[in-house]
Structures are given as structure tokens and as C-alpha cells.
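Inspection log for the structure reproduced underneath, given as C-alpha cells.
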Amino acid sequence: MKESIHNYCNLGIVLSMAYPSCIKSEEEYRCCLKTILTDPFFNVVELGSLPFASLKQAVPTMVETAHCTSTFSGHSLLFSRKLNINSLDESERALAVSALKEGIDEAYELGCSEFQFLSRSYEPGKEQAYLNALIASTKEICAYAKSKGSMPVVLEVFDHTIDKKSLLGPASLVKEYAQAVCSEYDNFGIMIDCSHIPMIGETIDEAVDPIIPYIRHVHVGNTLISDPANPSYGDLHPRFGYPGSENDTEYLASFLQKMKDIGYLAEGSSNILSFEVKPQAGEDADLVVANAKRTLLSAWRCVL
1 MKESIHNYCN LGIVLSMAYP SCIKSEEEYR CCLKTILTDP FFNVVELGSL PFASLKQAVP
61 TMVETAHCTS TFSGHSLLFS RKLNINSLDE SERALAVSAL KEGIDEAYEL GCSEFQFLSR
121 SYEPGKEQAY LNALIASTKE ICAYAKSKGS MPVVLEVFDH TIDKKSLLGP ASLVKEYAQA
181 VCSEYDNFGI MIDCSHIPMI GETIDEAVDP IIPYIRHVHV GNTLISDPAN PSYGDLHPRF
241 GYPGSENDTE YLASFLQKMK DIGYLAEGSS NILSFEVKPQ AGEDADLVVA NAKRTLLSAW
301 RCVL
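Put into C-alpha cells, the structure is as follows:
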């Protein structure tokens with residue numbers, strides 16, 4: 001494409017992935033956030049639960065001052081407490097729902113435009129039971145978010161068997177799930193991440209086609225799954241072109257082409273396309289972000 005990709009979406013980045021050092025101190029968090037907010041390449045910064053309560057007023061002020069938008073990931077609320085939103089144990093499932101409701105409250109307080117979460121572990125052979133539990137939890141979360149305002153809720157599709165080992169997962173399950181939730185709630189959608197597609201073992205078409213009507217958010221990134229002994233193996237989001245990894249310019253171009261073909265990337269669209277990239281051991285975060293931007297622009301030039 002000769003036209004700027006900025007004409008086709010709002011570009012964003014996941015703060016805590018790109019700049020893991022942001023959790024070290026309040027000052028470091030402000031510094032990392034400012035780095036993103038002062039870069040006109042980005043219109044969206046993806047946040048999570050704030051590591052320091054003292055930032056509650058500063059963060060939304062910084063985002064607003066920079067004329068940016070923020071989204072909120074509730075993933076860490078489940079990871080840190082080892083909670084399972086699709087648990088078959090009703091008491092555990094209720095705890096997970098409660099944690100995500102806390103996240104929704106925080107997201108509204110921060111002025112975020114969207115709330116994100118993920119499915120959790122499952123027992124092979126019992127996928128349908130876990131899916132039913134996930135559907136029930138999601139409907140509770142959607143109802144709660146709607147009772148507080150207009151912020152939509154999205155579930156991010158993760159790997160199914162390699163690292164996070166999340167229920168969702170394969171496109172067939174994602175489709176069944178999204179159909180069930182969207183039949184009752186219009187404030188719900190699916191987030192896909194091109195770094196998770198190779199981990200699931202699907203092609204881009206296989207991962208995307210069954211769920212086109214439900215895609216509401218898109219991440220782009222990379223994964224390394226060729227060597228389980230590699231320190232970057234799994235869901236660690238190495239930079240594009242990382243040695244032994246799956247995704248570089250050509251794969252990203254194919255993914256962007258698919259997003260354009262289905263209308264997610266469209267002229268004048270405000271849909272979000274965000275980087276989820278992370279510096280690996282010894283790497284400089286700024287260089288990894290530069291890699292992501294440069295790779296995206298190169299890939300976009302290949303899109304028809």
C-alpha cells in the first residue's frame with residue numbers, strides 16, 4: 001500500500017511488554033509511558049492494572065494530554081492470583097469473575113476505551129464443559145461492564161497447548177464461544193494476535209475466517225516455537241525476525257493483507273492494531289520497538 005497505514009487503523013502498543021522495566025518504580029513507569037505517548041506513531045497505549053496506586057490520576061492525565069487512547073488488559077489479574085475464569089469449580093470461577101470486575105472498575109477509572117481478558121487452562125477431553133463455564137463467566141463480565149458504561153469487553157485468543165495453554169485456543173471453539181456471547185451482548189468481541197496463530201497450529205485463514213464477524217481488536221507480534229530449550233520459547237513475543245522465530249516481514253504482510261481483505265483495516269477505520277513485542281535477554285527496548293515499527297511499515301508496503 002502506498003497510503004499510510006495510519007489511514008487504515010489506530011496503531012498501538014502494549015506498554016508492559018515493550019517496556020518491562022515500567023514495573024520497577026513509579027518514576028520508571030512514567031518514563032516508559034511518556035516514551036510511547038510522545039511518539040506520534042502511536043494513537044493507543046495498552047495498559048494493565050497499575051503497579052503503583054499513586055499513578056491513578058497521573059496516567060489518565062498523561063494519556064489525555066498526549067491526545068491518545070488507552071485500553072486495559074485484565075490478564076495479570078488472573079495470572080498473579082492463579083485464577084481460572086473457565087474453572088469447573090464454581091467457587092474458583094466466581095473468584096476469577098470478581099477479579100475481572102475489579103479490573104473493569106479500574107479500567108473505567110483510568111478512562112480506558114476497552115477491557116481485555118483471556119481464557120485459562122482446561123482438561124483435554126472436557127473442552128465443552130470448560131467452554132460452557134467460560135461463556136457463563138463472560139456473560140457476567142459483559143453485563144457488569146455494560147452496567148457501568150459503554151466500554152466494550154474483548155477476549156484475547158491465546159495458544160492452546162504450548163505455553164499459556166488456554167482453552168481459546170482453536171478457531172472452532174472461539175467461534176462457538178463468540179456466537180454464544182454475542183447473541184446476548186453487543187459489547188463483546190474477540191482479539192486475535194498473529195503471534196499466537198503459529199502456536200495454535202493454524203494458518204492465517206484457518207484462524208481468521210470462522211470468526212470474522214467477531215474480531216474487535218488485533219495484536220501483531222512474533223513467537224519462537226522451534227526449540228523448547230530456547231529461553232525465548234513460547235509466548236514471550238520476541239522481536240520480528242528473531243533467530244529461530246516464526247514471524248517476520250513476509251508473515252506480517254500476509255496477516256495485514258488478511259486484515260485488509262476482511263475489512264478490519266479499512267480507509268478511515270478507527271480499529272486498533274497494536275504491537276505486542278518484548279525485548280529478550282540483553283536487548284534494548286527502544287530498539288525492539290523500532291524493529292516493530294520498521295517491520296510493520298515494510299510489511300504494509302507489500303499489501304495490495
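So for the sequence shown, UniProt numbering puts the first residue at 1; every next one is plus one.
Ideal Cβ positions, reconstructed from N, Cα and C, are used throughout, including at glycine.
Quantities reported herein were computed from a predicted structural model and do not represent experimental measurements.
Between Asp248 and Gly221, the gap from beta carbon to beta carbon reaches 8 Å or more.
No Cβ-Cβ contact shorter than 8 Å links Glu114 with Ser195. The Cβ atoms of Val154 and Met191 sit closer than 8 Å to each other.
Residues Asn86, Ser119, Arg120, Ser121, Tyr122, Glu127, Tyr130, Leu131, Leu134, His160 and Leu173 of the same chain have their beta carbon placed closer than 8 Å to that of Leu167, with the five preceding and five following residues left out of the count. Within 10 angstroms of the beta-carbon of Phe79 lie fewer than 16 other beta-carbons, which makes it exposed.
Counted as a single uninterrupted DSSP element, the alpha helix (DSSP H) harbouring Met17 occupies residues Leu15 to Ala18. Taking the Cβ atoms as the reference, Ala299 lies roughly 4 Å from Ala253, within the contact range of under 8 Å. Non-local beta-carbon contacts of Thr138 in its own chain, meaning distances under 6 Å to residues more than five positions away in sequence, involve Val181 in chain order. His219: member of the beta strand (DSSP E) spanning Ile215 to Val220, first to last residue. Here Pro210 has Ala171 and Lys175 as same chain residues with Cβ atoms under 6 Å from its own Cβ, once five neighbours each way along the sequence are excluded. Using a Cβ distance threshold of 8 Å, Gly234 and Asp163 count as a contacting pair.
Between Glu46 and Ile13, the beta carbon gap of about 7 Å places them in contact (Cβ cut-off 8 Å). The C-alpha of Lys56 is placed about 8 Å away from the C-alpha of Glu109. Close CB contacts of Ser76 within its chain, under the 7 Å cut and outside five residues either way in sequence, are with Gly48 and Ser49 (chain order). With 16 or more other Cβ atoms from the protein chains shown falling within 10 Å of its own Cβ, Pro279 counts as buried. In the same chain as Glu202, and ignoring 5 residues on each side of it, the C-beta atoms closer than 8 Å to its own belong to Pro170 and Ala171, in chain order.
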